[in-house]
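Enquirer:
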Amino acid sequence: MTRRLTDEEIERQLGDLPDWTHDDDTLRASFEAPAFLTGIALVQEVASAAETMDHHPDIDIRWRTVSFALSTHSEGGLTQLDVELAHQISQEAARAGAVATT
Numbered sequence: 001m002t003r004r005l006t007d008e009e010i011e012r013q014l015g016d017l018p019d020w021t022h023d024d025d026t027l028r029a030s031f032e033a034p035a036f037l038t039g040i041a042l043v044q045e046v047a048s049a050a051e052t053m054d055h056h057p058d059i060d061i062r063w064r065t066v067s068f069a070l071s072t073h074s075e076g077g078l079t080q081l082d083v084e085l086a087h088q089i090s091q092e093a094a095r096a097g098a099v100a101t102t
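Read in order, the letters of the sequence shown are residues 1 to 102 in UniProt numbering.
#1: Taking V66 and F31 to be in contact with their CB atoms under 8 Å, please state how far apart those CB atoms are, rounded to whole angstroms.
#2: Whose C-beta lies closer than 8 Å to the C-beta of P57 among residues of the same chain, with five residues either side of it excluded?
#3: Let me make sure I understand the geometry here. Which of L14, R95, A35 has the alpha-carbon closest to that of R64?
#4: Report the three-state DSSP secondary structure of R28 (helix, strand or coil).
#5: According to the neighbour-count rule (16 or more other Cβ atoms, all chains shown, within 10 Å of its Cβ), is L42 buried or exposed?
#6: Around the C-beta of G39, are 16 or more other C-beta atoms found within 10 angstroms, so that it is buried, or is it exposed?
#7: Spatial neighbours of R28 within its chain, please: CB distance less than 6 Å, with the 5 preceding and 5 following residues excluded, ordered by chain position.
Structure (structure tokens):
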């Protein structure tokens, strides 16, 4: 079972996730892909990683911009799973040539 992170733990871990923001019980980031199909491929890579982790993000696609929202609903907030998935999403975005739109 995964425990909910404290605000201090979240803020410390966000130091390694410069493209992500924290509001209430959610981590958020948006990335602009070089082309629409690149953004769709990014979503597919993230979906595969999320399925492996059994931890699924909310995803919004607007042309070349893909936005992700992470939260562990069963824990009512953020857990280490959210942080780990944020790292994977950032890595996949970098591989796809997508840039953060913060």
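Virtual Cβ for every residue (Gly too), placed ideally from N, Cα, C. Every value quoted in this text rests on a predicted model; they were computed, and no experiment measured them.
Expert: Let me spell this out:
#1: That pair is a contact at about 6 Å.
#2: In chain order, V46, A50, F68, A69, L70, L85, I89 place their CB closer than 8 Å to the CB of P57, counting only its own chain and leaving out the 5 sequence neighbours on each side.
#3: For the residues L14, R95, A35, the minimum Cα distance to R64 belongs to A35.
#4: Assignment of R28 by DSSP, reduced to helix, strand and coil, places it in the strand class.
#5: Buried is the label assigned to L42, since at least 16 other Cβ atoms lie within 10 Å of its Cβ.
#6: Around the beta-carbon of G39, 16 or more other beta-carbon atoms lie within 10 Å, marking it buried.
#7: Contacts found: T21, A69.
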